[in-house]
Amino acid sequence: MSEDTSHHIDRRTVLRTAGAAGAASLLPFSGTATADTDTSVLDGLLDTASDVLQEVIVVFDDAESVGLLSDLDLQAGLVEYEVLPMAYTALTGDQLSTVADWDAVRRVTKAVELEFYNDDSREATGADVVQSDFGYDGSSVDTVVIDSGFSGPHPDFDGRLESNWQWVDDPLGDPDPDWIDLGAGADTDDLGHGTHCAGIVAGDGSASDGQYRGMAPGARVSVYSTNEAVYLPFVVGAWDHVLARADDPDDDFDPDVVSNSYGVARDVRYNPNDPVNVASWEAFQRGIVPVFAAGNDGPDPDTLSRFAKAPHVLGVAATRDDEHVTDFSSRGRTPDEDRETNYDRRKALRNLEKFHAAMTRGQYVVDTESWAGEVGPTGTGSDYYEWVAPNNADVLELDLSLTPDGEQITLTVLQGSKDGEEVAQLGEELVYQHQTLTTDVEGGETYWIEVEPATNVVVTYEIALEAFEQLGEPYRYRPVGLYRPGVATPGNAVMSTVGPTDALDALEPDDELYYSPMTGTSMACPAAAGICALVIDAARKNGHDWSPADVIYTVEAQARDAHTAYTPWNAGTGFVDAPSAVRRAAAGDFAKHNEVELVDPDTPETLEVAGAREDDGSAFTAGQTNRVDVAVESVSHEATVRDVVLAEWSVDEAHGDVERVEEDGDVQYVYFGTAVPGETATFTYFAEAPAETGTYTFGPSEANAAKTDDDWVAFGEADDNTVLGVET
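Spelled out as structure tokens, the structure:
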């Protein structure tokens, strides 16, 4: 960024520096942050020794503390979010140090750009059965997609695209920024990524006679455009706006599920003070199910998106249609690592509740009860209630309400028995309609609450009890992270909606004007979000209340351990089974945490294959045909076989054993049938030499088995073929 601070920093400045010196700050593994520094207040990507303005998001304990930033000499403006206790601004190195030292600050995060995580998915997960046989389509559910935007108008969303939001104006400039609903007919998606994700969640397939409809084709959709580069302040702003709508009783859009196909893969411990993690926690607390893509940085372990490690979100891995986890799908931590590795969602959730309670109010509710009755007049005896303090209780709070107004009773807390030691009493002074008694207690002890009449009239009372654990250092509550995906859904070559002019549509030439295939955990995430919408729809239409934890536990508990190659760190609880989860929701039989079983973590199997490849020769003239034979001599598992040839050669799909040809950049893959254990097989194809002189490499051949953990295994040596072109 420029050191000239005489004007507001704008978005274009950030993007310019990203191409040169600023590029390092945008890379997912850049900087010096470690597992230790990542849990501190200051992001390791920030430089406190620099005078250059650095764009940041500051996370506070509470919304009131955000105003502290106004006391600084801010040179580039300030954006205070409406609901979240955060602000977006630009600070110098000295200001960063100052802000990080404030007691009210939980986290100062660099405003970086995040990464997007890029017909058969519906059938593979069983969502088509839910729609056609069970009759649930998400029509009672409101969904949100935070992504690159939406390419409107699109026939698959007629009447169901509730809003199409875009953050208008530079957020650190003038005039003040605001989310503007540009409507279903507007194109806020320059990329096409967000439109594709929205279609997987809730497209109804109108432009394809239903062939490419999404998981919950009846749901309403609200889309937020974070722009083509997924800028972190826009993401946090989108979450803030979603929460504001959820809190507004006059807004008829009530978000149930939020799909998030973006993130950053960092091999660090989960940080609950990260701005997006705080935002998704606030959503979870409001009854919203956050769903996040696992990431596209596999197959190595410790590559899970930092947002998918939250125990209150459903993290989603990607599979092929045969339910095999893709090579690119990010993995969690393996159990043999000598550091925090937790797969228990409930344990992390409980710790996270205590953590946030400690950060925001210094206490955590460990028990609640309520009693009601009548006493009086004086001399007619007392009411008594027995209460056993939880082992971790430190403080007891009794909230008393009386009817009629202005009456009086005596409220006493006794330890051990009805005749025990008096711990606290309320009633020495007149108690009017409402009063609170607070006292210290000892965990594990028995207490009696005495309600004694103090006047000559009958008094109706209500007592609400809350017991608290007084909290100290919040970081003692570990683990708070979940180092595995929740479930897996298809994310390979998923066909879904795009706009006719979207950039990503141009990457895949086809005859479909409104659809295009895309690959990534970006596609797996909205599939899981749509299935969550079906679960909610089934519960709601049958009169059952639900919570985000109910939905997540049920989707996880009903997932299938579909492959021996599955592990907890690559597939969590397995491949989603939509019909099974929806059946339970329709009956109000939501799964509990103890019903969630991780997939069998046995050592994954590997594919062993032996064979050879031969062709007609090594020198060809332009237009001459080369015959290639791929021989499989042995294979340990049933496997699909393919060969690799450069894209300049023309493969004859009408002859030989070719099933299909797929082009990927400079190469094309020639697919054959399957090879099975105990049998040999030979596959033949023909390719015509290109017109240009050069040396072209064929092979090696590859095999892939659905039941093993590896991806494509090479066999048969590659060979070079020389072509004498037409100019020769």
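Under full-length UniProt numbering, the sequence shown has 553 at position 553, and the numbering climbs by one with no breaks.
Glycine included, C-beta positions come from ideal geometry on N, C-alpha and C.
Every beta strand (DSSP E) of 3 residues or more that sits fully in the region 339–413 is shown, in chain order, as 363–375, 383–388, 395–403. Of the residues assessed, A372 falls on the exposed side of the cut-off, its CB having fewer than 16 other CB atoms within 10 angstroms. For the set S132, S163, Y136, the Cα lying nearest the Cα of V144 is the one of S163. Scanning the region 73–136 for uninterrupted alpha helix (DSSP H) segments of 4 residues or longer gives 93–100, 120–125, listed from N- to C-terminal end. Collapsing the DSSP output to three states places T195 in a helix. Taking all protein chains shown into account, H154 has 16 or more neighbouring C-beta atoms within 10 Å of its C-beta and is therefore buried. The beta strand (DSSP E) runs lying completely inside the region 279–316 and spanning 3 residues or more are 289–293, given in chain order.
If you draw a straight line from the Cα of E445 to the Cα of Y385, it is about 14 Å long. Of all C-beta pairs linking the region 716–725 to the region 610–629, three or more are shorter than 8 Å, placing the two stretches in contact.
Bounds of any alpha helix (DSSP H) do not take in R613; it lies within the beta strand (DSSP E) bounded by 609–615. Residue pairing by DSSP places Q558 opposite no residue, since no beta bridge is assigned to it. Remark: fewer than three beta-carbon pairs, one from each stretch, lie closer than 8 Å, so the region 671–687 and the region 707–716 are not flagged as touching.
No Cβ-Cβ contact shorter than 7 Å links L482 with K354. Under the 10 Å beta carbon count, T489 is surrounded by 16 or more other beta carbons and is classified as buried. Rounded to the nearest angstrom, the Cβ distance from F150 to V223 is 4 Å, consistent with a contact under 8 Å. Leaving aside the five residues that flank M495 on each side, the residues in its chain whose CB is nearer than 6 Å to its CB run, in chain order, D119, Y212, Y515, P517. V79 sits away from D256, with the two beta carbons spaced by 7 Å or more.
Rounded to the nearest angstrom, the gap between the Cα atoms of D602 and F328 is 21 Å. If you look at P526, you'll find it in the alpha helix (DSSP H) that goes 521–541. Burial of S305 is indicated by the presence of at least 16 other C-beta atoms within 10 angstroms of its C-beta. When DSSP states are grouped into helix, strand and coil, G694 belongs to the strand group. Taken through DSSP and simplified to helix, strand or coil, P490 comes out as strand. When C-alpha distances from E692 are compared across N721, L396, A207, the shortest belongs to N721.
Nearest C-alpha to G67 among A87, E55, Q54: A87. In terms of CA proximity to E648, T695 leads the group T519, A571, T695. For the pair A562 and V596, the CB atoms are not nearer than the 7 Å cut-off.
G194 places its beta carbon less than 7 Å from that of D147. In this structure, the alpha-carbon of P485 lies about 47 Å from that of S401. Look at the beta carbons and you see the region 95–113 touching the region 269–276: at least three pairs across the two are nearer than 8 Å. Fewer than three pairs of CB atoms, one per stretch, sit closer than 8 Å, so the region 581–591 makes no contact with the region 640–658. T89 and V58 have their C-alpha atoms some 8 Å from each other.
Taking the Cα of A104 as reference, the smallest distance to any Cα among A389, P579, V230, T360 is reached at T360. Of the residues E653, H312, Q95, S65, the one whose Cα lies closest to the Cα of E282 is H312. Rounded to whole angstroms, the separation of the alpha carbons of T697 and V667 is 10 Å. The region 237–248 makes no contact with the region 526–533: fewer than 3 CB pairs, one atom from each, lie closer than 8 Å.
Distances from the CA of S208 to each of G376, A706, D156 were compared; the closest alpha carbon is that of D156.
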